[in-house]
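One line per chain: the protein sequences are A and B, in this order.
Everything in the first sequence is counted per our numbering, starting at 7 for the first residue and increasing by one.
Everything in the second sequence is counted per our numbering, starting at 330 for the first residue and increasing by one.
Backbone N, C-alpha and C define an ideal beta-carbon position, used for all residues, glycine too.
For reference, the structure is listed below as structure tokens.
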Amino acid sequence: MPLPRLIPCLDVAGGRVVKGVRFRELRDVGDPVELGAAYSERGADELVFLDISASVEEKASAVRVAARVAEQVTIPFTFGGGIRTVDDATALLEAGADKISVNSAALARPALIEELARALGSQAVVVAIDTEHGRVRSHSATRDAERDTLEWARECEQRGAGELLVTSIDRDGTQNGYDLEQLAALRDAVSLPVIASGGAGNARHVAEALAVSQAALLASILHEDPERLVALREELRGLGVPLRDAA
Amino acid sequence: MTTVAIARYGAGNVRSVELAVRRLGAELVGDLENAGLAVLPGVGSARSAMDGLGQAADTLRERHAAGRPILGICLGLQLALDETEEDGGVAGLGLVPGRAVRLQDARVPRIGWAPVEPGGEAYWFAHSYEAETEAATATSEGHAAIVEHGSFVGVQFHPEKSGAAGARFLKSCLSRA
Chain A
7 MPLPRLIPCL
17 DVAGGRVVKG
27 VRFRELRDVG
37 DPVELGAAYS
47 ERGADELVFL
57 DISASVEEKA
67 SAVRVAARVA
77 EQVTIPFTFG
87 GGIRTVDDAT
97 ALLEAGADKI
107 SVNSAALARP
117 ALIEELARAL
127 GSQAVVVAID
137 TEHGRVRSHS
147 ATRDAERDTL
157 EWARECEQRG
167 AGELLVTSID
177 RDGTQNGYDL
187 EQLAALRDAV
197 SLPVIASGGA
207 GNARHVAEAL
217 AVSQAALLAS
227 ILHEDPERLV
237 ALREELRGLG
247 VPLRDAA
Chain B
330 MTTVAIARYG
340 AGNVRSVELA
350 VRRLGAELVG
360 DLENAGLAVL
370 PGVGSARSAM
380 DGLGQAADTL
390 RERHAAGRPI
400 LGICLGLQLA
410 LDETEEDGGV
420 AGLGLVPGRA
430 VRLQDARVPR
440 IGWAPVEPGG
450 EAYWFAHSYE
460 AETEAATATS
470 EGHAAIVEHG
480 SFVGVQFHPE
490 KSGAAGARFL
500 KSCLSRA
């Protein structure tokens with residue numbers, strides 16, 4: 007198995023990195039390229055950019071952001087948010103993204119996963135699942151998707167998804183620890199790599215998540231401060247997590 | 330200055346390879362036949378890639394026969410083999426004896442950074458198939474990581490996405506071209 011991965015997540019709106027708790031109360035925290043490059047230099051294994059722009063005009067900036075990131079960042083990155091068609095996804099990959107992530111669009115039309123896998127290869131297709139109490143939420147977790155999380159995870163795998171990015175909505179932004187029970191159930195339900203998200207407050211939380219998942223998404227724990235990644239990596243090494251030597 | 334031509338065969342992340350090669354000071358050219366180094370990148374699925382290669386397939390075979398450097402990345406390595414299991418079986422370019430077979434790992438696709446031996450340097454992998462060939466000169470967790478046969482060098486990892494280690498690897502490829 008490849009080494010456990012630490013993946014800083016940058017929420018992007020209108021071409022800027024923004025921050026909010028539970029998808030609300032957004033504020034501007036910086037430039038996606040600058041922040042992304044800083045995380046990359048400090049040992050991030052991959053990056054995830056989630057475009058949470060509300061308007062169509064803002065969403066048009068996603069491909070430009072991906073293109074700028076690819077020029078400065080030499081580690082893999084995933085782009086998610088607002089991808090509804092193979093053309094949307096192709097434009098992001100051609101700009102330099104390595105993977106795309108779909109969420110609500112896949113719930114609305116699951117065949118999208120197959121179309122993306124066929125066109126781009128499974129390794130480029132991440133399905134993001136927002137989950138609460140074992141049930142899937144959609145539309146930035148504002149709606150009940152009326153699906154069981156484990157069943158949906160299995161369906162994603164069968165349809166050709168390459169990875170699952172699983173966010174425990176009730177933990178997101180709380181820094182109270184990942185939903186380990188849910189992550190362990192997912193580990194047993196599918197044979198895809200799982201990226202754990204939601205709830206990281208300290209290094210021990212991240213180590214716990216990496217014991218049951220292949221990667222940990224890091225958002226509020228980093229406070230948009232790349233230096234925190236350096237400290238976190240050191241603490242994780244101290245806890246026996248075999249991170250890569252990023253020199 | 331080394332000139333590099335990238336074989337194009339469809340949609341996908343070719344731009345990262347272009348950017349990485351330019352960062353190292355090489356010049357990108359369109360002439361796949363005469364460039365100092367030809368790169369067969371790794372995007373999409375085997376069948377669409379072979380279909381998309383068209384004429385470039387013969388150009389690559391001629392390059393290989395003439396002993397001129399070719400670098401295959403990820404799917405680009407698998408396409409250089411005799412055949413691949415992917416998409417119900419697809420004939421490859423036949424530059425390297427061997428075949429690509431489905432990974433039997435606990436988690437597929439195999440995604441992430443993994444050490445490559447000899448050397449122990451970690452590179453980034455993202456694959457569901459692997460090369461089964463006697464031409465492997467380096468491995469990663471038992472999988473072929475670097476394959477060398479004549480003037481062809483193939484890597485299962487993505488040097489263009491492997492940070493400083495990847496840049497060092499690409500630089501060594503360019504210096505040999």
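Report task. Would you check if there are 3 or more beta carbon pairs closer than 8 Å linking the stretch 412-421 of chain B to the stretch 432-450 of chain B? Result -> Under the Cβ criterion (8 Å, minimum of three pairs), the stretch 412-421 of chain B does not count as touching the stretch 432-450 of chain B.
Query raised in the report: Does any C-beta atom of chain B lie closer than 9 Å to the C-beta of residue 40 of chain A?
Result: Indexing the first sequence from 1 puts residue 40 of chain A at position 34. Chain B, which has no Cβ nearer than 9 Å to the Cβ of residue 40 of chain A, makes this no.
Query raised in the report: Starting from residue 15 of chain A and walking both ways along the beta strand (DSSP E), at which residues does that stretch end?
Result: Working through the first sequence from its first residue, we reach residue 15 of chain A at position 9. Counting along the chain, the beta strand (DSSP E) containing residue 15 of chain A begins and ends at 11-19.
Query - Distance between residue 212 of chain A and residue 233 of chain A (C-alpha atoms, nearest Å) - result: Locating residue 233 of chain A in the first sequence gives position 227, counting from the first residue. Locating residue 212 of chain A in the first sequence gives position 206, counting from the first residue. Looking at the two C-alpha atoms, the distance is approximately 17 Å.
Query raised in the report: Is it right to say residue 139 of chain A is buried, meaning 16 or more other beta carbons lie within 10 angstroms of its own, or is it exposed?
Result: As a working mapping, residue 139 of chain A is identified with position 133 in the first sequence. Exposed: under 16 other Cβ atoms inside 10 Å.
Report task. Taking residue 490 of chain B and residue 84 of chain A to be in contact with their CB atoms under 8 Å, please state how far apart those CB atoms are, rounded to whole angstroms. Result -> What you label residue 490 of chain B is simply residue 161 of the second sequence in a count that begins at 1. What you label residue 84 of chain A is simply residue 78 of the first sequence in a count that begins at 1. No, residue 490 of chain B and residue 84 of chain A are not in contact; Cβ-Cβ is about 12 Å, not under 8 Å.
Query - Segments of 4+ residues assigned as alpha helix (DSSP H) that fall wholly inside the stretch 85-139 of chain A - result: 92-101, 110-114, 117-126
Requested in this report: Name the one or two DSSP bridge partners that residue 172 of chain A has.
Outcome: In the first sequence, the residue the question calls residue 172 of chain A occupies position 166. Residue 172 of chain A is bridged to A:135, A:202.
Report task. Answer with yes or no whether the minimum CB distance from residue 155 of chain A to chain B is below 9 Å. Result -> Translated into the one-based positions of the first sequence, residue 155 of chain A becomes position 149. No, residue 155 of chain A does not count as interfacial toward chain B.
Query raised in the report: Is it a yes or a no for the stretch 398-405 of chain B touching the stretch 357-370 of chain B, going by three-plus beta-carbon pairs under 8 Å?
Result: Contact holds: three or more Cβ-Cβ distances are below 8 Å.
Query raised in the report: So, is residue 433 of chain B buried or exposed, given that buried needs 16 or more other C-beta atoms within 10 angstroms?
Result: Position 104 of the second sequence, counting from 1, holds the residue named residue 433 of chain B. Flag for residue 433 of chain B reads exposed.
Report task. Find out if the Cβ-Cβ distance for the pair residue 181 of chain A, residue 205 of chain A is shorter than 9 Å. Result -> Along the first sequence, one-based indexing puts residue 181 of chain A at 175. Along the first sequence, one-based indexing puts residue 205 of chain A at 199. Contact flag set, yes.
Query raised in the report: Just curious, the alpha helix (DSSP H) that residue 380 of chain B is in, first and last residue?
Result: In the second sequence, the residue the question calls residue 380 of chain B occupies position 51. Here the alpha helix (DSSP H) through residue 380 of chain B covers 375-382.
Query raised in the report: What residues of chain B sit near residue 199 of chain A, judged by a beta carbon separation below 9 Å?
Result: To locate residue 199 of chain A, count along the first sequence from 1; it is residue 193. The answer, in chain order, is 436, 437, 438, 439, 440, 441.
Query - For residue 498 of chain B: DSSP bridge partner residues - result: Position 169 of the second sequence holds residue 498 of chain B. None, per the DSSP bridge assignment.
Query - Distance CB(residue 365 of chain B)-CB(residue 337 of chain B) smaller than 9 Å - result: Within the second sequence, the letter at position 36 stands for residue 365 of chain B. Within the second sequence, the letter at position 8 stands for residue 337 of chain B. No, the Cβ-Cβ distance between residue 365 of chain B and residue 337 of chain B is not below 9 Å.
**Report entry** residue 481 of chain B vs residue 454 of chain B beta-carbon contact at 9 Å
**Finding:** For the purposes of this step, residue 481 of chain B is taken as residue 152 along the second sequence, with counting starting at 1. For the purposes of this step, residue 454 of chain B is taken as residue 125 along the second sequence, with counting starting at 1. It is not a contact, given that the beta carbons lie outside the stated cut-off.
Report task. Would you please verify whether the beta carbon of residue 232 of chain A is less than 9 Å from any beta carbon of chain B? Result -> Looking up residue 232 of chain A in the first sequence gives position 226. So, not an interface residue.
Query raised in the report: With a cut-off of 9 Å, does the C-beta of residue 487 of chain B fall near any C-beta of chain A?
Result: Taking the second sequence and counting its residues from 1, the one referred to as residue 487 of chain B is at position 158. Output row for residue 487 of chain B: interface = yes.
Report task. Report the three-state DSSP secondary structure of residue 343 of chain B (helix, strand or coil). Result -> For the purposes of this step, residue 343 of chain B is taken as residue 14 along the second sequence, with counting starting at 1. Of the three classes helix, strand and coil, the one that applies to residue 343 of chain B here is coil, per DSSP.
Query raised in the report: Should the stretch 143-157 of chain A be regarded as contacting the stretch 185-201 of chain A, the criterion being three or more beta carbon pairs within less than 8 Å?
Result: Taking 8 Å as the limit for Cβ pairs, the verdict is that the stretch 185-201 of chain A does touch the stretch 143-157 of chain A.
Requested in this report: Taking C-beta pairs closer than 7 Å, name the residues in chain B that residue 220 of chain A reaches, listed in chain order.
Outcome: As a first step, residue 220 of chain A is located in the first sequence; it is residue number 214 there, counting from the start. Chain B residues near residue 220 of chain A: 436, 441.
Query raised in the report: Excluding five sequence neighbours on each side, which residues of the same chain lie with their C-beta closer than 6 Å to the C-beta of residue 51 of chain A?
Result: For the purposes of this step, residue 51 of chain A is taken as the residue at position 45 of the first sequence. Result list for residue 51 of chain A: 11, 12, in chain order.
**Report entry** Residues near residue 426 of chain B by beta carbon distance below 8 Å, same chain, minus five either side
**Finding:** In the second sequence, counting from the first residue as 1, residue 426 of chain B sits at position 97. Contacts found: 410, 411, 462, 463, 464, 478.
Query - Local conformation of residue 45 of chain A per DSSP, three classes - result: For this step, residue 45 of chain A is matched to residue 39 along the first sequence. The answer is helix: DSSP assigns residue 45 of chain A an H, G or I state.
Query raised in the report: So is residue 377 of chain B buried or exposed if we call it buried at 16+ other beta carbons inside 10 Å?
Result: If you number the second sequence from 1, residue 377 of chain B lands on position 48. When all chains shown are included, residue 377 of chain B counts as buried.
Query raised in the report: In whole angstroms, what separates the C-alpha of residue 423 of chain B from that of residue 335 of chain B?
Result: Numbered from its first residue, the second sequence carries residue 423 of chain B at position 94. Numbered from its first residue, the second sequence carries residue 335 of chain B at position 6. Roughly 19 Å separates the two Cα atoms.
Report task. Could you check which residue in B:505, B:331, B:500, B:492 has the C-alpha nearest to that of residue 44 of chain A? Result -> For the purposes of this step, residue 44 of chain A is identified with residue 38 of the first sequence, where counting begins at 1. Of the candidates B:505, B:331, B:500, B:492, the residue whose Cα lies closest to the Cα of residue 44 of chain A is B:492.
Query - Any chain A beta carbon closer than 9 Å to residue 470 of chain B - result: Translated into the one-based positions of the second sequence, residue 470 of chain B becomes position 141. Judged by the 9 Å Cβ criterion, residue 470 of chain B is in contact with chain A.
**Report entry** Amino acids of chain B, ordered along the chain, whose beta-carbon sits closer than 8 Å to that of residue 128 of chain A
**Finding:** Against the first sequence, residue 128 of chain A aligns to sequence position 122. Chain-ordered, the chain B residues with CB closer than 8 Å to the CB of residue 128 of chain A read 438, 457.
Query raised in the report: Which stretch, first to last residue, makes up the alpha helix (DSSP H) that contains residue 232 of chain A?
Result: Working through the first sequence from its first residue, we reach residue 232 of chain A at position 226. Note, residue 232 of chain A: alpha helix (DSSP H), 232-244.
Query - Same chain only: Cβ atoms within 7 Å of residue 69 of chain A, ignoring 5 sequence neighbours per side - result: Locating residue 69 of chain A in the first sequence gives position 63, counting from the first residue. Closer than 7 Å at Cβ, skipping near neighbours: 97, 98, 101.
Requested in this report: Go through its chain and collect everything with a Cβ distance to residue 245 of chain A's Cβ below 8 Å, but skip five positions before and after it.
Outcome: Position 239 of the first sequence holds residue 245 of chain A. Contacts found: 209, 210, 213.
Query raised in the report: Using a beta-carbon distance below 9 Å, is residue 9 of chain A in contact with chain B?
Result: For the purposes of this step, residue 9 of chain A is taken as residue 3 along the first sequence, with counting starting at 1. By this cut-off, residue 9 of chain A is an interface position.
Query - Residue range of the unbroken beta strand (DSSP E) whose run includes residue 151 of chain A - result: Along the first sequence, one-based indexing puts residue 151 of chain A at 145. Element bounds for residue 151 of chain A: 149-154.
Query raised in the report: Span of the alpha helix (DSSP H) holding residue 469 of chain B?
Result: On the second sequence, residue 469 of chain B is found 140 positions in, with the first residue counted as 1. Note, residue 469 of chain B: premise wrong, no alpha helix (DSSP H); beta strand (DSSP E) at 465-469.
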